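J.: One structure coming up, written as structure tokens, with questions to follow.
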Amino acid sequence: MTTVARFEVKYKQYLDEDGKLTTKKAPAIAKDFETLKKLYRDMALIRQMDTKAYALQRTGKMGTYPAATGQEAIGVGFGSAMADDDVLVPYYRGQASMVQHGARMEEVFLYWGGDERGSDFQSERARQDFPIAVPIATQSLHATGVGKAIKLRGEKRAVFTEIGEGGTSQGDFYEALNVAGIWNLPVVFIINNNQWAISVPSEIQTACETYAQKAIAAGIDCIQVDGNDILAVYEASVEAAEKARNGGGPTVIECISLRLCDHTTADDASRYRPDGELDEGWKKEPIARLRSYLEANKQWSQEQEDAMQKEIVAEVQQGVDNYLNTPVDKPEAMFDYLYDELPERTLAQRELAIARGAK
Amino acid sequence: MAAITLIEAVNLAMAHEMEKDKEIVVFGEDVGVNGGVFRATDGLQAKFGEERVIDTPLAEAMIAGVAIGMAAQGMKPVAEIQFMGFIFPAADHIISHCARMRNRTRGRITLPLVIRAPYGGGIHAPENHSESTEAIFAHIPGLKVVIPSNPSRAYGLMLAAMRDPDPVIFLEPKRVYRIEKHEIEDNGEEYPLGMCFVDREGTDITLISWGAMMHETKQAAEKLAQEGISAEVIDVATVNPLDIDTILESVQKTGRACIVQEAPKAGAVGSDIAAEIAEKAVMHLLAPIGRVSGYDTMMPYYRLEKQYMPKVEHIVEEAKRIVEYR
Numbered sequence: 494m495t496t497v498a499r500f501e502v503k504y505k506q507y508l509d510e511d512g513k514l515t516t517k518k519a520p521a522i523a524k525d526f527e528t529l530k531k532l533y534r535d536m537a538l539i540r541q542m543d544t545k546a547y548a549l550q551r552t553g554k555m556g557t558y559p560a561a562t563g564q565e566a567i568g569v570g571f572g573s574a575m576a577d578d579d580v581l582v583p584y585y586r587g588q589a590s591m592v593q594h595g596a597r598m599e600e601v602f603l604y605w606g607g608d609e610r611g612s613d614f615q616s617e618r619a620r621q622d623f624p625i626a627v628p629i630a631t632q633s634l635h636a637t638g639v640g641k642a643i644k645l646r647g648e649k650r651a652v653f654t655e656i657g658e659g660g661t662s663q664g665d666f667y668e669a670l671n672v673a674g675i676w677n678l679p680v681v682f683i684i685n686n687n688q689w690a691i692s693v694p695s696e697i698q699t700a701c702e703t704y705a706q707k708a709i710a711a712g713i714d715c716i717q718v719d720g721n722d723i724l725a726v727y728e729a730s731v732e733a734a735e736k737a738r739n740g741g742g743p744t745v746i747e748c749i750s751l752r753l754c755d756h757t758t759a760d761d762a763s764r765y766r767p768d769g770e771l772d773e774g775w776k777k778e779p780i781a782r783l784r785s786y787l788e789a790n791k792q793w794s795q796e797q798e799d800a801m802q803k804e805i806v807a808e809v810q811q812g813v814d815n816y817l818n819t820p821v822d823k824p825e826a827m828f829d830y831l832y833d834e835l836p837e838r839t840l841a842q843r844e845l846a847i848a849r850g851a852k
Numbered sequence: 022m023a024a025i026t027l028i029e030a031v032n033l034a035m036a037h038e039m040e041k042d043k044e045i046v047v048f049g050e051d052v053g054v055n056g057g058v059f060r061a062t063d064g065l066q067a068k069f070g071e072e073r074v075i076d077t078p079l080a081e082a083m084i085a086g087v088a089i090g091m092a093a094q095g096m097k098p099v100a101e102i103q104f105m106g107f108i109f110p111a112a113d114h115i116i117s118h119c120a121r122m123r124n125r126t127r128g129r130i131t132l133p134l135v136i137r138a139p140y141g142g143g144i145h146a147p148e149n150h151s152e153s154t155e156a157i158f159a160h161i162p163g164l165k166v167v168i169p170s171n172p173s174r175a176y177g178l179m180l181a182a183m184r185d186p187d188p189v190i191f192l193e194p195k196r197v198y199r200i201e202k203h204e205i206e207d208n209g210e211e212y213p214l215g216m217c218f219v220d221r222e223g224t225d226i227t228l229i230s231w232g233a234m235m236h237e238t239k240q241a242a243e244k245l246a247q248e249g250i251s252a253e254v255i256d257v258a259t260v261n262p263l264d265i266d267t268i269l270e271s272v273q274k275t276g277r278a279c280i281v282q283e284a285p286k287a288g289a290v291g292s293d294i295a296a297e298i299a300e301k302a303v304m305h306l307l308a309p310i311g312r313v314s315g316y317d318t319m320m321p322y323y324r325l326e327k328q329y330m331p332k333v334e335h336i337v338e339e340a341k342r343i344v345e346y347r
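Spelled out as structure tokens, the structure:
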């Protein structure tokens, strides 16, 4: 027998869990402290946002919410690599990348607070971004469709789409990789491997050594990165985005992290999470890691930290206030966006909803 | 002006609109060089190129998902699902995303796309190739479900489907793809979606049908006329949203209604039409509403196919029973 093809999956990490550089060949971003401080603040903001969302849910002011505690480096990292006119096709735990690409915090709160207006992103940057896809993995295919349109029009834009590692078990994910490879589409597939699909761990999800290697069967490039190292996530994303915009085709980036929270507010991870996992996980989390690195380089102080925390608490509170101050939509809103023009037959139901709502 | 078949009319409409609207892109399995397994896209790739008439890999969910992404960017995808029996992998995208996108983004993202599929029985096709499952999509708010019954209507409705700002499921009754020819002038004139057509005026009973069954229904009306019964015939054409007003108006005039469908009887488009008539026109009725339909069974393999399909004589029989009801 002869070998007809051979494959490998590269792994990227620049910051170890103590925030120390693992290589002397660190990328330029490692010395770009202004950008790193911005990324640090953006991650801290998302954590505060998730904390606040949990509190809102627990006090009956918001519905089910999926926090992304411990995974902030992934969404913030690839979200920062996106250009304004790139398109984001997020997954349901995608608040970090969504906010990074221009969605407003109150829009995320509105969505999980049961209001469709939360997906009517107002900022110009997010205007073409997709709303969250709740059926798992469908977004991967929507991203390839967006990529196909971009390619047919000859534009230099990239599409980013995120998916959990559990989501990669869906046929839609494989179909998306397959067609992205055939058509050489400008799509970056981010696999957020937080090691849990609700209660199901990786050994029940795949027999693969990596999730990244699923790209190999589709003939597209892949890389695995330490998803708690924002330097690695950011650099891999920037490279993949540039490649996509310049006709180089799709990339799969598997970011390994750990979900340091429950699946959602409706979940209790203590039912299935092994003892000790959380303690170990908190030692590797991305925000403290970057702070250690900044401090070691004399770029960050306790005073700066205190000032920043004060700012982000106020910023998140503003988002919460904006959400809570948004009055419930009128009942006819159920009808008004169903079609461009409401069918005659449904018109009477609209009138009925208005009449009932007025009582 | 040439006389053309229903499938040629679909082709003509696509060619007409692709010429006019550069955002239209046709894609699906075998739609390129091969021109589609039924030849609906015959010649389109040669005319418009591989960038606008695209052969896809064999994956229906992908076809629908890609259509959504392209439409969200303002393109106008016209996707083919080779047979309606294979639409179910794509149903997640059609139901969970196509139908909902405008509403869930409050109009920020709209999806002006068409998904075409040949459907229905009667051509001795293998398993999963012959079902009439239009009710599944007719049930979904946010979708439009259109079924042409003849070449002229296929041309006009297909044009309207491609120009519609919302997602349209365009179901082509393949049994009548080539059963008759119409003289069609390629003038780009559309027929409106969401409207029934009154194909024959009558005073004694209203026969309501759509798709391939329109042929049996019209023949039944002819036979009834020979027996002195004047049947009005309505082609529903768009089963979602339903133009119930035209149907009610007719039933109020004739006082009798018979619905003819190839699909199984239960939970079907015909059930909805019957319920609407019962709700809104019962005091005009001179007899109970009748339904001639397929059985509530699997679509049989083709040896029993004829046994399953409603026939002209069944429609005549049921119509006479209704007219003679005292």
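Chains A and B, in that order, are what the protein sequence lines are. For the first sequence, the working numbering gives the first residue as 494, with consecutive numbering after it. For the second sequence, the working numbering gives the first residue as 22, with consecutive numbering after it. Even glycine gets a Cβ: it sits at the ideal position worked out from N, Cα and C. Values in this document were obtained by computation on a predicted structure and should not be read as measured data.
1) Is the shortest distance between the beta-carbon of B:Ser271 and the beta-carbons of chain A less than 7 Å?
2) Taking buried to mean at least 16 other C-beta atoms within 10 Å of its own C-beta, is A:Leu845 buried or exposed?
3) Could you check where the beta strand (DSSP E) with B:Arg221 kicks off and where it finishes?
4) If you count every other CB in all the chains shown that lies within 10 Å of the CB of B:Pro78, and 16 or more means buried, which is it?
5) Given this structure, state the Cα-to-Cα distance separating A:Asp719 from A:Glu728, to the nearest angstrom.
6) For B:Pro110, which three-state DSSP category applies?
7) Are the Cβ atoms of A:Leu493 and A:Tyr816 separated by less than 7 Å?
8) Going by beta-carbon coordinates alone, are B:Lys195 and B:Pro139 separated by less than 7 Å?
9) Checking contacts by CB at 7 Å: is A:Pro559 closer than that to chain B?
10) Using a C-beta cutoff of 7 Å, does B:Asp256 count as contacting chain A?
11) Which residues in chain A have a C-beta closer than 9 Å to the C-beta of B:Asp225? List them in chain order.
12) Could you spell out where the beta strand (DSSP E) holding B:Thr26 opens and where it closes?
13) Counting only beta-carbon separations shorter than 7 Å, does A:Asp799 have a partner in chain B?
14) From the DSSP output, read off the bridge partner residues of B:Ile255.
15) Against chain A, does B:Asp51 count as a neighbour if the rule is that its beta carbon must be under 7 Å from one of theirs?
16) Could you tell me the alpha carbon to alpha carbon distance between A:Pro779 and B:Ala100, rounded to whole angstroms?
17) Is there a Cβ of chain A sitting closer than 7 Å to that of B:Asp187, yes or no?
18) Would you mind reading off the limits of the beta strand (DSSP E) that contains B:Glu101?
19) Can you tell me which of A:His594, A:Glu565, A:Leu753 and A:Ile675 puts its alpha carbon nearest to the alpha carbon of A:Ile709?
20) Using beta carbons (cut-off 7 Å, strictly below), is B:Met234 in contact with chain A?
21) Our contact map puts A:Ala669 next to A:Leu634 with C-beta atoms below 8 Å; I'd like the distance itself, whole angstroms only.
22) Looking at the C-beta of B:Asp76, does it have a partner C-beta in chain A at a distance below 7 Å?
23) Thinking A:Asn721 and A:Lys649 are a contact (beta carbons under 8 Å), I'd like their distance in whole angstroms, please.
24) Start and end of the alpha helix (DSSP H) containing A:Ile723?
25) Tell me whether A:Ser573 sits in a helix, a strand or coil according to DSSP, three-state version.
26) Look at the alpha carbon of A:Arg534 and the alpha carbon of B:Ala61, and state the distance between them as a whole number of angstroms.
27) Taking the continuous beta strand (DSSP E) assigned at B:Arg312, which residues delimit it?
28) For a test of the three-state rule: what should DSSP assign to B:Lys327, helix, strand or coil?
29) Take A:Ala711 as the anchor and find which of A:Ala700, A:Ile723, A:Asp665 and A:Val693 has the nearest alpha-carbon.
30) What are the boundary residues of the alpha helix (DSSP H) that includes A:Gln588?
31) With DSSP as the reference, label B:Gly64 as helix, strand or coil.
32) For B:Glu349, which residues does DSSP report across the bridge?
33) What's the gap between the Cα of A:Arg551 and the Cα of B:Leu178?
34) Between A:Ile656 and A:Gln588, how many whole angstroms is the CB-CB distance? I'm expecting something under 8 Å.
35) Mind listing the chain B neighbours of A:Ala669? Cutoff is C-beta to C-beta under 8 Å, in chain order.
36) If you draw a straight line from the C-alpha of B:Ile108 to the C-alpha of A:Asp579, how long is it?
T.: Looking at the coordinates:
1) no
2) exposed
3) Phe218 to Arg221
4) exposed
5) 11 Å
6) helix
7) Since the first residue of chain A shown is 494 and the last is 852, residue 493 of chain A is not available in this structure.
8) yes
9) no
10) no
11) Chain A residues near B:Asp225: none, gap ~26 Å exceeds 9 Å.
12) That residue, B:Thr26, is in no beta strand (DSSP E); it is neither H nor E in DSSP.
13) no
14) B:Val219 and B:Ile229
15) no
16) 44 Å
17) yes
18) Lys97 to Glu101
19) A:Ile675
20) no
21) 5 Å
22) no
23) No, A:Asn721 and A:Lys649 are not in contact; Cβ-Cβ is about 31 Å, not under 8 Å.
24) Ile723 to Arg738
25) helix
26) 56 Å
27) Gly311 to Gly315
28) helix
29) A:Asp665
30) Gln588 to Gln593
31) coil
32) Outside the shown range of chain B, which is 22 to 347, sits residue 349 of chain B, and nothing can be said about it.
33) 52 Å
34) Not really, about 15 Å apart at Cβ, beyond 8 Å.
35) Met83 and Gly86
36) 31 Å
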